[in-house]
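Peer 1: Using our numbering, the first residue of the sequence shown is number 229, and each one after it goes up by one.
Where a beta carbon is used, it is the ideal one built from N, C-alpha and C, also for glycine.
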Amino acid sequence: MSGQKQTTIYDVAKKAGVSAATVSRVMNEPSKVAEEKRQLVLTAIKDLNFIPKADAVINARKAYKKIGVVAPFFTQPSFMERLRGVASVLAKEHYELVIYSIDKADDLLNYISTLVTANRIDGLIFLSVHLKSEELKVLKSAKFPVCFVEEAVEGFDSVIVKNLEGGQKAAEFLYNLGCKVPGFVGEKSMLGYAISATEDRFRGFNFFFAGQGIIIRKEHVWIGEFTEKKLDEGINNYLSQKELPDCVFCSSDLIATRFIALAKEKGVNVPDDIKVLGFDNIDISQYVGLSSVCQNLDDSGKMAATLVVGKIKNPDRPVATLTLPLSVIARVSTGQSSL
229 MSGQKQTTIY DVAKKAGVSA ATVSRVMNEP SKVAEEKRQL VLTAIKDLNF IPKADAVINA
289 RKAYKKIGVV APFFTQPSFM ERLRGVASVL AKEHYELVIY SIDKADDLLN YISTLVTANR
349 IDGLIFLSVH LKSEELKVLK SAKFPVCFVE EAVEGFDSVI VKNLEGGQKA AEFLYNLGCK
409 VPGFVGEKSM LGYAISATED RFRGFNFFFA GQGIIIRKEH VWIGEFTEKK LDEGINNYLS
469 QKELPDCVFC SSDLIATRFI ALAKEKGVNV PDDIKVLGFD NIDISQYVGL SSVCQNLDDS
529 GKMAATLVVG KIKNPDRPVA TLTLPLSVIA RVSTGQSSL
């Protein structure tokens, strides 16, 4: 074996019928390479069992290992708090955290194909990402452990957030406060590769009130685009109605915070006129007195990282599915007297 010639990037390029520069781009910036060429290169890499700079990679991994995190819109506070949980576990285990931000569906398949073929990471965590069967098929051939957060995926470790149940808990909480004219404001799920959390939370919310014989009025529901302009426009129109609901459940704390600010501008008092409840319980919620459905964001990140690291140490461990507990944290925005 010691005399066997090591496969190089030029061997891959020759087999794929492309330049070495194209192979390099596939390894480092796959979205910049045409689909046909990218697949030729990935197939050649797999056939030749090519590991870029094998000795350097092996030596580097002895000192520092890598866990990847794939997430859409990861700059939102809820994602940052999940990442904080992931990072707290990985730091103790001496793993480097590598973030892959997804902007479009093609990027997702490219990342998965490249990561699985190149074997650059030791584990992978998906935050609020929904994969198609084609993408899952590629992922199942990975030589590293994978964990999904927010959705259960067969054959993989998962940390589940029961968004439907969260919506029911929100409704039950507001109903018990005496609210009988409920409203909902949320972000429409625009990305096919992201978990449709808003819709699930609304379904749970609607289901509970229907069980109490209360039908949520169509005009008291706004689910729209989450850009500053569209959100403000939607909330302002909502608050301009002649008859407002006595409570509003928002699909996230960010939306709830904006709703409260715009309500104040229009002279609508929270919580006297409208009680407002958010979802996520991000750090800032306690400082602004926002009641929120807590999904334990930090813990979800910690659980996912712990599952991945545990699977690395014990590859034969059975697939695990963990469920995050949900609870309502009551504060000023729903009439509680203190933050």
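In the DSSP assignment, find the alpha helix (DSSP H) that holds F507 and state where it starts and stops.
Peer 2: Taken as a continuous stretch (DSSP letters only), F507 belongs to no alpha helix (DSSP H), being part of the beta strand (DSSP E) at K503 to D508.
Peer 1: I need the straight-line Cα distance from S247 to Q234, nearest angstrom please.
Peer 2: The alpha-carbon atoms of S247 and Q234 are separated by roughly 19 Å.
Peer 1: Any contact between the segment 303 to 319 and the segment 398 to 405? By contact I mean 3 or more CB pairs, one from each, below 8 Å.
Peer 2: Flag = no, the segment 303 to 319 and the segment 398 to 405 do not touch.
Peer 1: Is the number of C-beta pairs between the segment 353 to 360 and the segment 509 to 520 that are closer than 8 Å three or more?
Peer 2: Output reads no: the segment 509 to 520 does not touch the segment 353 to 360.
Peer 1: Roughly how many angstroms separate the alpha carbons of I237 and H322, rounded to a whole number?
Peer 2: Whole-angstrom Cα-Cα distance: 30 Å.
Peer 1: Less than 8 Å between C-beta atoms, sequence neighbours within five positions excluded: which residues of the same chain meet that for R486?
Peer 2: Excluding sequence neighbours, R486 sits near L459, D460 and I463.
Peer 1: From what residue to what residue does the beta strand (DSSP E) around K390 run?
Peer 2: From DSSP, K390 is part of no beta strand (DSSP E); its letter is neither H nor E.
Peer 1: N347 to N277, Cα distance in whole Å?
Peer 2: The alpha-carbon atoms of N347 and N277 are separated by roughly 10 Å.
Peer 1: How would you call A291, buried or exposed, if buried means at least 16 neighbouring beta carbons within 10 angstroms?
Peer 2: For A291, the predicted model reports a pLDDT of 43, less than 50, meaning its position is unreliable; a value from the coordinates is still stated below. Label assigned to A291: exposed.
Peer 1: Whose CA, out of K274, G529, A380 and K539, lies closest to the CA of A315?
Peer 2: Cα-wise, what sits closest to A315 is G529.
Peer 1: Should I443 be flagged as near chain D, meaning a C-beta pair shorter than 8 Å?
Peer 2: No chain D appears in the structure shown, which is made up of a single protein chain.
Peer 1: For P546, count neighbouring Cβ atoms within 10 angstroms of its own Cβ and tell me buried if that reaches 16, exposed if not.
Peer 2: Per the 10 Å Cβ criterion, exposed.
Peer 1: Mind reading off the beta-carbon distance from S561 to K492? Whole number of angstroms is fine, and I expect it under 8 Å.
Peer 2: Contact doesn't hold; Cβ gap of about 11 Å is too wide.
Peer 1: Give me, in chain order, the residues of the same chain whose beta-carbon lies closer than 7 Å to that of E447; leave out the 5 immediate sequence neighbours on both sides.
Peer 2: Only Q469 meet the Cβ criterion.
Peer 1: Following the continuous alpha helix (DSSP H) through V314, name the residue where it begins and the one where it ends.
Peer 2: Segment P305 to K320, the alpha helix (DSSP H) holding V314.
Peer 1: May I have the straight-line CA-CA distance separating E415 from I423, to the nearest angstrom?
Peer 2: Answer to the nearest angstrom: the Cα atoms are 12 Å apart.
Peer 1: Classify G495 as buried or exposed, calling it buried when 16 or more other Cβ atoms lie within 10 Å of its own Cβ.
Peer 2: It counts as exposed.
Peer 1: DSSP three-state label for D500, please.
Peer 2: Looking at D500 - three-state DSSP - the assignment turns out to be coil, as it is neither helix nor strand.
Peer 1: In angstroms with no decimal places, state the Cα-to-Cα distance between F372 and V344.
Peer 2: Using only the alpha carbons, I get a separation of about 8 Å.
Peer 1: So the candidates are K541, G394 and D501; which of them puts its Cα closest to the Cα of T551?
Peer 2: The candidate whose alpha carbon is nearest that of T551 is G394.
Peer 1: Report back the beta-carbon spacing between A299 and V387 to the nearest angstrom; my notes put them in contact at under 8 Å.
Peer 2: Actually they do not touch by this definition, with Cβ atoms about 14 Å apart.
Peer 1: Using CA atoms only, rank isn't needed, just tell me which of S555, D527, R429 and V536 is closest to G313.
Peer 2: Checked all of S555, D527, R429 and V536; the closest Cα to G313 is D527.
Peer 1: When the Cα atoms are used, what is the spatial distance from T342 to M255?
Peer 2: Spanning the two alpha carbons is a distance of roughly 7 Å.
Peer 1: Taking only heavy atoms of the ligand HEM into account, decide whether any of them is closer than 7 Å to the Cβ of Y339.
Peer 2: Of ligands this structure carries none, so the ligand HEM is not represented either.
Peer 1: Measure the alpha-carbon distance for S555 versus N509 and round it to whole angstroms.
Peer 2: C-alpha separation (whole angstroms): 10 Å.
Peer 1: In angstroms, rounded to a whole number, what distance separates the CA positions of D283 and I349?
Peer 2: Residue placement at D283 is flagged as unreliable, the pLDDT there being 47, under the threshold of 50; the coordinate-derived value follows with that caveat. The straight-line gap from Cα to Cα measures roughly 15 Å.
Peer 1: Just the C-alpha distance for A548 and T534, rounded to the nearest angstrom, thanks.
Peer 2: For A548 and T534, the distance between alpha carbons rounds to 11 Å.
Peer 1: Here's the rule I'm using: 16 or more other beta-carbon atoms within 10 Å means buried, otherwise exposed. How should I512 be labelled?
Peer 2: Answer is exposed; the Cβ neighbour count stays below 16.
Peer 1: Measure the alpha-carbon distance for F435 versus D481 and round it to whole angstroms.
Peer 2: Approximately 21 Å between the Cα atoms of the pair.
Peer 1: Within its chain, find whatever has a CB closer than 8 Å to the CB of E362; leave out the 5 residues flanking it on each side and keep chain order.
Peer 2: Same-chain partners within the cutoff: L337.
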